[in-house]
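Below is one structure, written out as structure tokens; comments come after it.
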Amino acid sequence: MTLTFLSLLTFLFTYLLISITLPFSKKYLTDIPNERSSHTKTTPSGGGLSFVIISSIAFYLQDWYSFFICLPISLLGLLDDFFNISRIIRFA
């Protein structure tokens, strides 16, 4: 597969997966703003999970194993969406 074709395919599948999971995110993964937030109304979170899943598959198909390095970071981001992890733990 050429890199251009794979990039386009990755974009399309990510868009499709986000549009499928958005109703779930709006119902169960909402970010309620506080005094430090940059938004003023409740917004869905967890959309990065779709990007991580599709990108990991694309990297694997290209024999790029960098997704093993990025996977712990993305899991920490997902846990932060659920449990609001402190910035010291996220930084470490």
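Here the sequence shown is numbered in my numbering, starting from 3 and rising by one per residue.
All C-beta atoms, glycine included, are put in the ideal place defined by N, C-alpha and C.
All figures in this text were calculated on a predicted structure; none of them were measured in a lab.
If residue i sits next to residue j, beta carbons under 8 Å apart, how far is it from one beta carbon to the other, in whole angstroms?
| i | j | result |
| --- | --- | --- |
| S31 | D83 | A quick correction: the sequence has Leu, not Ser, at residue 31. Indeed they touch by this definition, with Cβ atoms about 6 Å apart. |
| I55 | L19 | 7 Å |
| G49 | S76 | Actually they do not touch by this definition, with Cβ atoms about 12 Å apart. |
Taking Cβ to Cβ, would you say residue i is nearer than 8 Å to residue j?
| i | j | result |
| --- | --- | --- |
| S58 | F69 | yes |
| S21 | D33 | no |
| A60 | T23 | no |
Select from the options the residue whose C-alpha is nearest the C-alpha of residue i.
| i | options | result |
| --- | --- | --- |
| L78 | L24, A94, L63, K29 | A94 |
| N86 | N36, L14, T12, K29 | N36 |
| T4 | H41, K43, F15, L63 | L63 |
Taking only the alpha-carbon atoms, compute the straight-line gap between residue i and residue j and give it to the nearest angstrom.
| i | j | result |
| --- | --- | --- |
| W66 | L10 | 17 Å |
- prompt: Hey, which unbroken runs of the alpha helix (DSSP H) at 4 residues or more fall wholly within the region 50 to 75?
  reply: Entirely contained in the region 50 to 75, the alpha helix (DSSP H) runs reaching 4 residues are, in chain order, 50 to 63.
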